[in-house]
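S.K.:
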Amino acid sequence: MKLLGSFLGLATAQDQWRPAYADGHDGMVHLFEWSWKSIAEECENFLGPHKFASVQVSPPNENRRVAGQWWPGGIHRHG
Numbered sequence: 001m002k003l004l005g006s007f008l009g010l011a012t013a014q015d016q017w018r019p020a021y022a023d024g025h026d027g028m029v030h031l032f033e034w035s036w037k038s039i040a041e042e043c044e045n046f047l048g049p050h051k052f053a054s055v056q057v058s059p060p061n062e063n064r065r066v067a068g069q070w071w072p073g074g075i076h077r078h079g
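Take the sequence shown: its position 32, counting from 1, is numbered 32 in full-length UniProt numbering, and each next residue is one higher.
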């Protein structure tokens with residue numbers, strides 16, 4: 001089991017030196033908490049022309065307000 005763990009560790013460590021970038025492109029940018037519109041503008045106006053290879057963004061989560069949420073002030077029980 002230790003041999004397998006060592007092999008997997010070495011195999012994944014080597015992957016950092018083989019990025020899947022297009023030829024002539026390099027580097028990654030983190031645009032967490034940016035709006036989708038701002039990300040699009042940054043990619044088109046700066047990152048693309050300067051040959052950045054990839055962009056990481058915040059996970060696209062949808063939030064919905066629900067009546068009777070328990071987290072704003074704790075659980076309220078009547079009766």
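Where is the CB? At the ideal position from N, CA and C, for every residue including glycine.
By DSSP, does S54 sit in helix, in strand, or in coil?
M.R.: strand
S.K.: Within the same chain, show all residues whose beta-carbon is closer than 8 Å to that of M28, passing over the 5 residues directly before and after it, in chain order.
M.R.: F52, A53, S54, V55 and Q56
S.K.: Pull the bridge partners of L31 from the DSSP assignment, please.
M.R.: In the DSSP secondary-structure assignment, L31 is bridged to V57.
S.K.: With a 10 Å radius around its C-beta and 16 neighbouring C-beta atoms as the bar for buried, classify L3 as buried or exposed.
M.R.: exposed
S.K.: So, at 6 Å on beta carbons, what are the nonlocal neighbours of N45 in its own chain, with the 5 sequence-adjacent residues on each side left out?
M.R.: Sequence-distant partners of N45 (beyond 5 residues in either direction) whose C-beta falls short of 6 Å from its own C-beta are missing from its chain.
S.K.: In terms of alpha-carbon separation, which member of N61, L47 and W36 lies closest to D26?
M.R.: L47
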